[in-house]
Amino acid sequence: MKIPLSWLKDFVDIDLGLEDLAHLLTMIGLEVDEIRLVGLSVAQNKKHEFPISGLSWERDKIVVAQVNEVMPHPNADRLVLCRLLDGEKEHIVLTGAPNLYPYKGQGPLSTPLKVPYAKEGAQIYDGHQPGQVLTILKRAKIRGVESYSMICSEKELGISDEHEGVIILDADAPTGEALVDYMGDAVFDIDIQPNMARDACILGVAREIAAATDKPLRKPKFEISTDGASIKGKAAIKITNPELNPRFVLGLVYDVKHKASPYWVGRRLRLAGMRPINSVVDATNYAMLEIGEPLHAFDYDVLVERAGGKPPTIITRVAQAGEKLTTLDGVEHVLDDFNVLVTDTAGALSVAGIMGGAESEVTDKTVNVLLEGASWNYINIRRTMASQRMDSEAGYRMARGVHPEVALMGEKSCLQRMAQWSEGKIAADLVDEYPLVYSDPVVQVTPAIVRRLLGIELSPHQITALLKRLEFECQVDGDVVTVNSPPHRMDIGTGTTGQADVVEEIARMYGYDNIPATRMADMLPPQRNNPVVEKEDRLLDLLVAMGLQEVISYRLTTPEREARPYLTVADAPYVRLQNPISLERSHLRRSLLASVLETVERNIRLTEGLALFEIGPVFLPEEGQELPLELRRLAIVLTGKRQATRWKVSNAESANSTAAQDFNFFDLKGILEMLFEALHLDGIAFKPDDFSAFNPGKCASICLGEHQLGVMGELHPLVKERYDFSNVAVIAADLHLDALLSMVGVNSVVGSIPVFPPVLEDIALVVTEDIPADRIINLIYQTGGKLLVDVRLFDIFRGKQIGEGKKSLAFSLTYQAVDRTLTDEEAAAVRNRIVRRLEQELGAKLRS
Amino acid sequence: MSEKNKIVMKLKDVQSQAEQEIKKVVTIDDLKALQIKFMGTGSPIDIAFKEIGQLPKEERPSTGQYANQVKQIVDNTFAKCIEEIKTTTLQRVLIEERLDITLPGYRPAIGRLHPATQALRQVCRIFSDMGFQIFRSTETDTDYYNFEMLNMPAHHPARDKWDTFYTTNPKVLLRTHTSPGQIHAMRKYVPEPIRVILPGMCYRYEQISASHEFQFNQLELLVVGHNITFGDLKGTLEDFARRMFGENVRTRFRPGYFPFTEPSAEMDIECFVCGGSGCQVCKGAGWLEILGSGMVHPVVLQNGGYDPLEYSGYAAGLGTERICMLQRRIEDIRYFWQNDIRFLEQF
């Protein structure tokens, strides 16, 4: 909300600088987003705590002046020459302002016009350029007449973007006074939190300043000078549901004249972000901005006409579903059955508290104004604004709650202003229906409660002193302070909630910064391990240690995008958003692999090789369950060059081979083997398998005992075609993280370091191609028994020497005994057993 | 000439011959051959020693002494020469093997955690040291836990603060904050005291821009106990700020609004980029909004199963990507989930 300083000063004395005031507001919960200077200045060369914009008016160069005569320009119809007195001497000032034309050629004016006057060298905004561009007034000749100074528009002075004419100040403006002293101002842009809705008005903010600086608040008296016939018998109110409409007040102003409001009124409205219209409408907006009560003005005579010449009865009720009303912004609303309407016997007049209807609004022809000041259920207003997609300054306030007492204050304040600015007469009395009186909460607080929640010691009297500044009524009885919430706010609750609310007010007035910071002295909770997190961290660290880069994707995707990696897609249910932000982000993912592959696709041209992984949930809806199952997955994708960078030394003789540098199936298999080994998960098995994402000949399911923990493989060529991938292989794995981690134990037992030397031996075995390596290795282990501690494949050979359809696998075997140095003979015996077994079972031949 | 003199003469000759030949040798191998020639079996010195054995008994000691002297001298000469040759050879090898050390190094592949994970870990570690334990809850949750139990009934004005993604089941939404975890944690642990951190991904219905993401990590603190005060809240968060942003960082607390805390507070830290004088990062304010916090609202305590007359507590929440952005001056929050390798590799 935009709060002009000058307006605040109507209610409270402020002797703080602009930035100090902004700081004070921020520190009591009214965060200032920006200070806009409208004439006033802030200290230079000081560090600023707030963004500052706007224009400072130089005291000696921009002053109040009076135009004594407006004369025609000798060479231009659209320019006039003003005989102007700046308090010291007379100048001839050139201007093209249309609002001075009416005075042209009248000779010396009987009432001089007061204007803001910028002298030579003054810094102002350029009125002819869009936006705010600073310029310095320089001497120039315009159409033969020398010009060096200027009568200013609001745009030139940074008040608004109005540049239609120059400002004509109120007649009592003192000629010669520095303009900044006359009307220099600053506007604080304040962020009003929902629990401070009472401060969405000048009076509210002024009250907070008065409280925080412990100064008196000059509260308006809300007296009205009634000089017209009583409203009694001229209008009636019927509230059908007090829950939705606790209070409705009507007042009447006779014989209004639609005029421009006084200049200072229009300026304040503009500074607060509203546009002045005329003296009637301005009064409603002014009162709303000042008091916080949105008001609505009806053309009384239209209502009488609608009532068939009789006094109108205002009826508030919920709409019938489908009922229609065209609001004054020209939008036709088809209403829901919970929207509250202000109606008369002929039908709907306005959407209660939000916007008036087109038919009954005040126009230039309105003579008598019926003024509504009401209080509405804010939750209902909020629902209506959402369902009707309506927004207005009135709705903004009503949707946050306006106290019924404030409705009356706003009504009175507005009536008085409207009569004053429009030369109307206020009808005696008000019609005031108040069927549901808001009972202001009473809360009891004690020093003990304050100590318990804030950690500070305050006596009952100190508590009272702080709260009284905010108009809480307090009675002290022993240790108990009984606190009455003041009749302008609705944010204080009852019971323990009310206590917390009041304690917040105590803290605000005491100053959050004055509450000493302490280290917790309370008992620690029972301490527990968090194995899931600990194991997951270990897994992350291992993957990173193996050179993999973690990625984190959007969890929102579409089934179509998720289907890309799979040649066949089962019809799986998705969690779908009701209000997606875009069609591309409409479903919660079921596949983590699909996410990582998209990331690979985006990066594949940026680098020679990628080794990425992601862990995170997938969302699987379950029959009969409200929430989907959130299962954590691990997906890994490798492609392109292995990432270690090394240069080669080549010469003419050495071959230049690169294929061996690319990631292949076994890189990922090795990563998974190491991962499982490092997590001390024994017995991992890779079983040939067939999943629709993968090349059927290069695909494995990853098993641990009975459990299938995931799948891995090289992407199927047809899947790869669907992506913008290069032609190198893409290897991927998709694992069930929860299942995997659940099998990880806390500690594994560490074996002792062998003291006796091993016997090392290499053997090469020729077998037919169809025999998988792990059968051979398993047989070797089984046969080798306790003395065989390690079997390592180091070479695969194919060639004429060993025959077509055969392969030779070479292994390093390590024999070792825990209790003695093994002899070559013992090792040879084991080896012979192994070779014999392999011959018998697999037809293997020892290659010599 | 006596036999003795002959032997002495021969030894003299051998000595000078050896000294001369050694000088000509260049390689260790030649030198070793030469050593065998002069000193090995059947060499002149070897023969001389044998001949001494045949001399009259009284001549043997003096001749033997002389022969030993010669042997020693020749031995030393060989040793010295071996040293010299080794030194020169080594020097040559060192020169030959000299590297162009300006060639680039062989870089091992290095893995990295995603910056969001790194930031979360950093924050978690600080709070872990203070005795906070991680408590996780799901990313989808019900309106009941995300709003209602947090003191935000349907159509509550405060709900405006959280633009929400709803699923096609109107009761189920993507959590807008980690705060539903407060209720889950309280209901799990009641009546024990609580000191937990709730990290995780949250979602808000927002158009994506350089400063807004619809998906982001949040980390929330929750403390519940018998004597937990606003002063404790300040103390914990100030300690956190000092560890996260530097020993001398200034903090300030000002009233804020969250429906699930009362009193509520925003914590700002003095901008560590400009030291408070105003810059792009703090948008001229000198202060950076870091987290929202407050004393757990009595209604929320009650919803969690704790009697607000007996227990009190505080909660705080912060966006960890935002903190990472401030620390590393990241200009665009979209970088995080775009996963451009050129971004990720900078962490």
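Chains as they are written, first to last, in the working numbering: chain H, 1 to 848; chain S, 1001 to 1347.
Ideal Cβ positions, reconstructed from N, Cα and C, are used throughout, including at glycine.
So which of the options has the shortest CA-CA distance to residue i?
| i | options | result |
| --- | --- | --- |
| residue 91/H | 223/H, 520/H, 515/H and 70/H | 70/H |
| residue 49/H | 1310/S, 1284/S and 1311/S | 1284/S |
| residue 1191/S | 523/H, 278/H, 51/H and 808/H | 523/H |
| residue 706/H | 739/H, 730/H, 699/H and 315/H | 739/H |
| residue 789/H | 810/H, 760/H, 798/H and 588/H | 760/H |
| residue 225/H | 127/H, 362/H and 414/H | 414/H |
| residue 379/H | 423/H, 113/H, 194/H and 311/H | 194/H |
| residue 6/H | 397/H, 268/H, 329/H and 649/H | 268/H |
| residue 597/H | 697/H, 730/H and 467/H | 730/H |
| residue 445/H | 409/H, 493/H, 412/H and 428/H | 493/H |
| residue 343/H | 360/H, 736/H, 538/H and 433/H | 360/H |
| residue 1257/S | 1077/S, 1302/S and 1157/S | 1157/S |
| residue 714/H | 702/H, 769/H and 639/H | 639/H |
| residue 589/H | 540/H, 603/H and 631/H | 631/H |
Quick check on residue i - is its C-beta less than 8 Å from some C-beta in chain H?
| i | result |
| --- | --- |
| residue 1216/S | no |
| residue 1287/S | yes |
| residue 1277/S | yes |
| residue 1165/S | yes |
| residue 1241/S | no |
| residue 1046/S | no |
| residue 1312/S | yes |
Rounded to the nearest angstrom, how far is the Cβ of residue i from that of residue j, given a contact under 8 Å?
| i | j | result |
| --- | --- | --- |
| residue 180/H | residue 190/H | At roughly 23 Å, the Cβ-Cβ gap does not stay under 8 Å, so residue 180/H and residue 190/H are not in contact. |
| residue 1254/S | residue 743/H | Incorrect: roughly 49 Å between the Cβ atoms, too far for contact. |
| residue 1015/S | residue 1073/S | 6 Å |
| residue 607/H | residue 1341/S | 5 Å |
| residue 114/H | residue 66/H | 6 Å |
| residue 139/H | residue 73/H | 18 Å between Cβ atoms; not a contact. |
| residue 153/H | residue 94/H | Actually they do not touch by this definition, with Cβ atoms about 14 Å apart. |
| residue 478/H | residue 402/H | Residue 478/H to residue 402/H, Cβ: 36 Å. No contact. |
Could you give the residue range of the alpha helix (DSSP H) that holds residue i?
| i | result |
| --- | --- |
| residue 920/H | Beyond the ends of chain H as shown, which are 1 and 848, falls residue 920/H; an answer cannot be given. |
| residue 1324/S | 1320 to 1328 |
| residue 1232/S | 1230 to 1245 |
| residue 8/H | 5 to 8 |
| residue 894/H | Residue 894/H falls outside the range modelled here, since chain H spans only 1 to 848, and no answer is possible. |
| residue 1063/S | 1060 to 1096 |
| residue 414/H | 404 to 422 |
| residue 1303/S | 1298 to 1304 |
| residue 78/H | Run containing residue 78/H: none; DSSP gives neither H nor E here. |
Along the chain, where does the beta strand (DSSP E) that runs through residue i open and close?
| i | result |
| --- | --- |
| residue 1217/S | 1215 to 1225 |
| residue 1141/S | 1140 to 1142 |
| residue 68/H | 62 to 72 |
| residue 845/H | 845 to 847 |
| residue 1253/S | 1251 to 1255 |
Could you check whether the Cβ of residue i sits closer than 8 Å to any Cβ belonging to chain S?
| i | result |
| --- | --- |
| residue 457/H | no |
| residue 871/H | Lying before the first or after the last residue shown, residue 871/H is absent from chain H, which here runs from 1 to 848. |
| residue 339/H | no |
| residue 148/H | no |
| residue 442/H | no |
| residue 546/H | yes |
| residue 520/H | yes |
| residue 500/H | yes |
Contact between the region 1192 to 1202 of chain S and the region 483 to 503 of chain H (3+ Cβ pairs under 8 Å): no
May I ask you to verify whether the region 1171 to 1190 of chain S touches the region 1130 to 1149 of chain S, counting CB pairs closer than 8 Å and requiring at least 3? yes
Would you call the region 291 to 303 of chain H and the region 356 to 367 of chain H touching, i.e. three or more CB-CB distances under 8 Å? yes
Taking 8 Å as the threshold, find out whether the region 1103 to 1117 of chain S comes into contact with the region 534 to 551 of chain H through three or more Cβ pairs. yes
Taking contact to mean 3 or more Cβ pairs, one atom from each stretch, closer than 8 Å, check whether the region 416 to 426 of chain H and the region 245 to 263 of chain H are in contact. yes
Would you check if the region 305 to 316 of chain H and the region 208 to 216 of chain H touch, i.e. whether three or more CB-CB distances between them fall below 8 Å? no
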